[in-house]
Amino acid sequence: MTATSVAAPIGATRAGSASIQRRRNAADLRLRLYGIAAISAAIGLLGILLVTLIVGGYPAFVQTHIRVDFPVSADYVDPADPAGGNWRNVVRDGVAALLPAVDAPADVRRMTQILTPNTQFFVRDAVLADPGVIGGTLTMDIPAADIFDQLNKGVIRRDTPAENRRVSDQQIGWFDALVARGRVATPFNWGLFFNADSRFPEIAGLSGAIVGTVYALLVCFLISFPTGIAAAVYLEEFAPKNRWTDIIEVNINNLAAVPSIVFGLLGLAVFIQTFGLPRSSPLVGGMVLALMALPTIIIVTRNALKAVPPSIREAAHGMGASPQQVVMHHVLPLSLPGIMTGTIIAFAHVLGETAPLLLIGMNAFITSPPGGVLEASTALPTQIYIWADSPERGFVARTSAGILVLLGVLLVMNSVAIFLRQRFERRW
Amino acid sequence: MASTSSEHIVSSYEDELTQLARLISEMGGMVEESITNATNALVRHDHRQAEEVVTADQRVDEMQRRIDELAVSMIARRQPMGPDLRQIIAAIHVATDLERIGDMAKNIGRRTLEMTEQRITAQLYTGIRHMSELALSQVNRALDAFTARDPDAAVDVRNRDHEVDAIYMSLFREFLTYMMEDPRNITDCTHLLFCAKNLERAGDHATNIAEAAYYMVTGKNLPLELERGGTVNA
Amino acid sequence: MSIASDAVAAAPLAMPASAIKMRGRKVSVYYGEKQALFDVDLDIASNQVTSLIGPSGCGKSTFLRCLNRMNDTIPICRVTGEIKLDDLNVYESGIDVVELRARVGMVFQKPNPFPKTIYENVAYGPRIHGMSRSRGELDELVNSSLRRAGLWEEVKDRLAQPGTGLSGGQQQRLCIARAIATSPEVLLMDEPCSALDPIATAIIEELIDELRENFTIVIVTHSMQQAARVSQKTAFFHLGKLIEEGSTESIFTNPQNKKTQDYITGRIG
Numbered sequence: 070m071t072a073t074s075v076a077a078p079i080g081a082t083r084a085g086s087a088s089i090q091r092r093r094n095a096a097d098l099r100l101r102l103y104g105i106a107a108i109s110a111a112i113g114l115l116g117i118l119l120v121t122l123i124v125g126g127y128p129a130f131v132q133t134h135i136r137v138d139f140p141v142s143a144d145y146v147d148p149a150d151p152a153g154g155n156w157r158n159v160v161r162d163g164v165a166a167l168l169p170a171v172d173a174p175a176d177v178r179r180m181t182q183i184l185t186p187n188t189q190f191f192v193r194d195a196v197l198a199d200p201g202v203i204g205g206t207l208t209m210d211i212p213a214a215d216i217f218d219q220l221n222k223g224v225i226r227r228d229t230p231a232e233n234r235r236v237s238d239q240q241i242g243w244f245d246a247l248v249a250r251g252r253v254a255t256p257f258n259w260g261l262f263f264n265a266d267s268r269f270p271e272i273a274g275l276s277g278a279i280v281g282t283v284y285a286l287l288v289c290f291l292i293s294f295p296t297g298i299a300a301a302v303y304l305e306e307f308a309p310k311n312r313w314t315d316i317i318e319v320n321i322n323n324l325a326a327v328p329s330i331v332f333g334l335l336g337l338a339v340f341i342q343t344f345g346l347p348r349s350s351p352l353v354g355g356m357v358l359a360l361m362a363l364p365t366i367i368i369v370t371r372n373a374l375k376a377v378p379p380s381i382r383e384a385a386h387g388m389g390a391s392p393q394q395v396v397m398h399h400v401l402p403l404s405l406p407g408i409m410t411g412t413i414i415a416f417a418h419v420l421g422e423t424a425p426l427l428l429i430g431m432n433a434f435i436t437s438p439p440g441g442v443l444e445a446s447t448a449l450p451t452q453i454y455i456w457a458d459s460p461e462r463g464f465v466a467r468t469s470a471g472i473l474v475l476l477g478v479l480l481v482m483n484s485v486a487i488f489l490r491q492r493f494e495r496r497w
Numbered sequence: 007m008a009s010t011s012s013e014h015i016v017s018s019y020e021d022e023l024t025q026l027a028r029l030i031s032e033m034g035g036m037v038e039e040s041i042t043n044a045t046n047a048l049v050r051h052d053h054r055q056a057e058e059v060v061t062a063d064q065r066v067d068e069m070q071r072r073i074d075e076l077a078v079s080m081i082a083r084r085q086p087m088g089p090d091l092r093q094i095i096a097a098i099h100v101a102t103d104l105e106r107i108g109d110m111a112k113n114i115g116r117r118t119l120e121m122t123e124q125r126i127t128a129q130l131y132t133g134i135r136h137m138s139e140l141a142l143s144q145v146n147r148a149l150d151a152f153t154a155r156d157p158d159a160a161v162d163v164r165n166r167d168h169e170v171d172a173i174y175m176s177l178f179r180e181f182l183t184y185m186m187e188d189p190r191n192i193t194d195c196t197h198l199l200f201c202a203k204n205l206e207r208a209g210d211h212a213t214n215i216a217e218a219a220y221y222m223v224t225g226k227n228l229p230l231e232l233e234r235g236g237t238v239n240a
Numbered sequence: 329m330s331i332a333s334d335a336v337a338a339a340p341l342a343m344p345a346s347a348i349k350m351r352g353r354k355v356s357v358y359y360g361e362k363q364a365l366f367d368v369d370l371d372i373a374s375n376q377v378t379s380l381i382g383p384s385g386c387g388k389s390t391f392l393r394c395l396n397r398m399n400d401t402i403p404i405c406r407v408t409g410e411i412k413l414d415d416l417n418v419y420e421s422g423i424d425v426v427e428l429r430a431r432v433g434m435v436f437q438k439p440n441p442f443p444k445t446i447y448e449n450v451a452y453g454p455r456i457h458g459m460s461r462s463r464g465e466l467d468e469l470v471n472s473s474l475r476r477a478g479l480w481e482e483v484k485d486r487l488a489q490p491g492t493g494l495s496g497g498q499q500q501r502l503c504i505a506r507a508i509a510t511s512p513e514v515l516l517m518d519e520p521c522s523a524l525d526p527i528a529t530a531i532i533e534e535l536i537d538e539l540r541e542n543f544t545i546v547i548v549t550h551s552m553q554q555a556a557r558v559s560q561k562t563a564f565f566h567l568g569k570l571i572e573e574g575s576t577e578s579i580f581t582n583p584q585n586k587k588t589q590d591y592i593t594g595r596i597g
């Protein structure tokens, strides 16, 4: 934007020409200011959203871990049957070894609460993976329980009165002692991406949701992409132009505007109840998403086909290509970049649809990623919804973190679309 | 007879064609005047008028150059087609023929200046005068045929050329008798013979003009006419 | 002797039958209700260039597109009458349009090479018509087509580059090479030089002159000078009717019909 200075009127022979020029310049300036104000407001609002999310979510990207040395005594664990060992005792002994000054059993039990309740299963899985450690010591970084994680991050304030706090002064003291001994660390929370959902926020992650989303999108792609393109090609290239095709076109455009929850109801009523497909499965989720993506893909494909200049079609016809050859050899390959861009954008859009997935139940509580498209699952948006509803403190940050992950995926998908468009865009 | 009744879309093209026709007419007028003046000078032994005829020929030559230049310029710039093309080409031919006719008149003027003795009888001059009138009328009718785009008139001019040739032959024989009669007549008669020859050539050029007019209008050459008697070009 | 006034088109010139490649009889074209061509009778001579001239909207392009049934691609277009290629009536039911278009090629006004490599552009026609059995044969065909179009020297080192990267004149020659790659008998050209500069135009006109040895060429042109330079036979169309046809020389030096005369001298649009 260049600064406009009021130039001296050329000649200035006509009466009033100077004031006309002034008014004109003023109107020009006003228009620019309106534009700047509008874009500032838009960026401002987006900025507020992003800042809120980041501030709220960044704590979830690190997780407090406690380094514990577990003596894996052969008394508790039988090398012949490691899985059946007394892991609670192994954990208790490991915790007790953290602060030797604490030896009263009740205290040790309370100190065990510093670690996540599933600690014994982590230790068991580690020993099962490496049975040779039986009889020795196993050192592991165990995630801290949620309230201690929040304490460490300063979310739970130490200066609230004791009766309002969930951690006792004694536990705080132990925790600080552990910090002083260098046993507390806050590395990056890989578990957010690789763990499945859990009751305990400190070990809850998005892997189930991510896999569910991937499956659902895959199903959606396999159904909507070929169908949409074939329908668009037929409507654009081969269908006769009459009232019926006009009606079809209008209705496709309408479908693109239908509220997404309607598709969810459709999925529930038809796919689950009438067809009997498994509830909460990525298959049904993908089918519902396909219904939503289909109108968009058809519209995008038709536009891409229309954008191929008629001179190419004429040249192909003139060479003696049949109508099918004209479409398959020339029109479709040339419109493919536009189709791909539009398709990716359509998928990025349906990726974030929550209401229909909720209705078909893709908010199942699963503790491991689904093994196939027929198993119960969640998806990213629905997982975020579940976490938003959960009471534990740790889920607050994780909800924001989940939203950030979703936004990140959308960003990547749109970037791929932009990259593809720029790479393959043709100038006629 | 249909002619192009509508005008060119580009009016300057139309103007140029009009100017070309006007120049031809003007040149034709100058040439006709030259013939008349040259004949008068000859018959009356008017040396002053004869000199005027000689110097006037320069203007005729200049006219031909102007017409040529305009025609070439139009061909280069307008890419004329059909009747326009024929008109321009015909104008070039007509201008050339008119210039030659002008030269004939100039030659007559020169001869007049050469002739100092006045021994020939008035009778001979009557013959020359008659031939001159005939040649003049051929030129006049040929130019009219050109300007009016009248192919029939053009055919007529071509057909009448033999009259000019016939008069030339009779004058030729008459001069021979005079020269044989009295050798002192030879000088003057020879001059007059050449003048008659010039007039006969002028008649031939008038025929060329008529042919050009016919081609311009119809796009074809004049149909061949059966020769009546022989014409001997001496 | 007077110039023929507004008369019905003269009968087609009498020519020995083998010298006529395509023949149109009472060809009429309708776009929906509107008639665009009225009973056109025209013969196209073999191994000669026939030019179709006339003001905008006179039907010359419409007639040209009838010759290879390109009007079929327009749904509301209807063609009546007879068009024969040698002895074959091209509008008979059962005629393979694809086959027809291999025998009657077309070059368009705006150069429109496919957005593929130069090689693929020229090879496309032979490929879809199954004209070559091996890669070597195809190479040979591409080579000879580019040579005949006068483009070989300029592109022989860059056959794998996109055809759209060439200059306008080269692109048009590529389109010509593409069209002649299927060895058509007739080449239709719809104002092929109107988008080109004078030098490129001259190159293509020279090319047309060379091609006429092996092909019959029909060219639609807005430029009378081009028609005069390039063709041996000229047909003048006006408002959907064929007004006059004859040898190019006679049409341009001595047209018989007043409308023809008015058009070529610039007296009507």
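Residue numbers (this note's numbering), protein chains in the order written: chain A, 70 to 497; chain B, 7 to 240; chain C, 329 to 597.
Each residue gets a CB set at the ideal place from its N, CA and C atoms; glycine is no exception.
From the options, residue whose alpha carbon lies closest to that of residue i
i: E305(A); options: W259(A), L374(A), G333(A) and Q342(A); result: L374(A)
i: D144(A); options: V159(A), I135(A) and I225(A); result: V159(A)
i: T492(C); options: P441(C), G574(C) and I372(C); result: P441(C)
i: K285(C); options: E577(C), G568(C) and F564(C); result: Nothing can be reported for residue 285(C): it is not among the residues displayed for chain C, which extend from 329 to 597.
i: I472(A); options: I123(A), G104(A), I89(A) and L100(A); result: I123(A)
i: A159(B); options: R147(B), E68(B), E169(B) and H168(B); result: R147(B)
i: I368(A); options: P378(A), P406(A), R348(A) and A325(A); result: A325(A)
i: E468(C); options: T401(C), V435(C), A505(C) and T378(C); result: A505(C)
i: F434(A); options: R268(A), S237(A), L184(A) and A175(A); result: R268(A)
Any C-beta of chain C under 8 Å from that of residue i
i: G376(A); result: The amino acid at residue 376(A) is misidentified as Gly; the sequence shows Ala. No, no contact with chain C.
i: E318(A); result: no
i: V238(B); result: Residue placement at V238(B) is flagged as unreliable, the pLDDT there being 47, under the threshold of 50; a coordinate-derived value is accordingly withheld.
i: M409(A); result: no
i: S143(B); result: no
i: V170(B); result: no
i: H99(B); result: no
i: M397(A); result: no
Chain B within 8 Å of residue i, Cβ atoms only
i: G594(C); result: yes
i: P383(C); result: no
i: P490(C); result: no
i: P583(C); result: yes
i: F564(C); result: no
i: C386(C); result: no
Range covered by the beta strand (DSSP E) that runs through residue i
i: Q363(C); result: K362 to A373
i: L570(C); result: K569 to S575
i: M517(C); result: V514 to D518
i: G352(C); result: I348 to Y359
i: P140(A); result: H134 to P140
Range covered by the alpha helix (DSSP H) that runs through residue i
i: T102(B); result: G88 to E120
i: I545(C); result: Unbroken run through I545(C) is the beta strand (DSSP E), T544 to V548; no alpha helix (DSSP H).
i: K203(B); result: I192 to T224
i: I453(A); result: L449 to D458
i: I123(A); result: S86 to G126
### Query
Can you find at least 3 beta carbon pairs, one from the stretch 220-231 of chain B and one from the stretch 150-166 of chain B, that sit closer than 8 Å?
The answer is yes - the stretch 150-166 of chain B touches the stretch 220-231 of chain B, with three or more Cβ pairs under 8 Å.
### Task
Kindly provide the ranges of any beta strand (DSSP E) runs that are 3 or more residues long and lie completely inside the stretch 469-510 of chain C, ordered along the chain.
none
### Task
Any chance you could list the alpha helix (DSSP H) runs of at least 4 consecutive residues sitting entirely within the stretch 289-341 of chain A, in chain order?
Within the stretch 289-341 of chain A, the complete alpha helix (DSSP H) segments of 4 residues or longer fall at 312-324 and 329-335, listed in chain order.
### Query
Does the stretch 145-157 of chain A touch the stretch 126-133 of chain A, meaning 3 or more C-beta pairs lie closer than 8 Å?
no
### Task
Give, in chain order, every unbroken run of the alpha helix (DSSP H) that is at least 4 residues long and sits entirely within the stretch 145-188 of chain B.
157-187
### Three CB pairs or more closer than 8 Å across the stretch 407-417 of chain C and the stretch 571-583 of chain C
As far as the Cβ criterion goes, the stretch 407-417 of chain C does not touch the stretch 571-583 of chain C, which means the pair count is below three.
### Task
Tell me the start and end of each unbroken alpha helix (DSSP H) in the stretch 358-427 of chain A that is at least 4 residues and wholly inside, in chain order.
379-387 and 401-420
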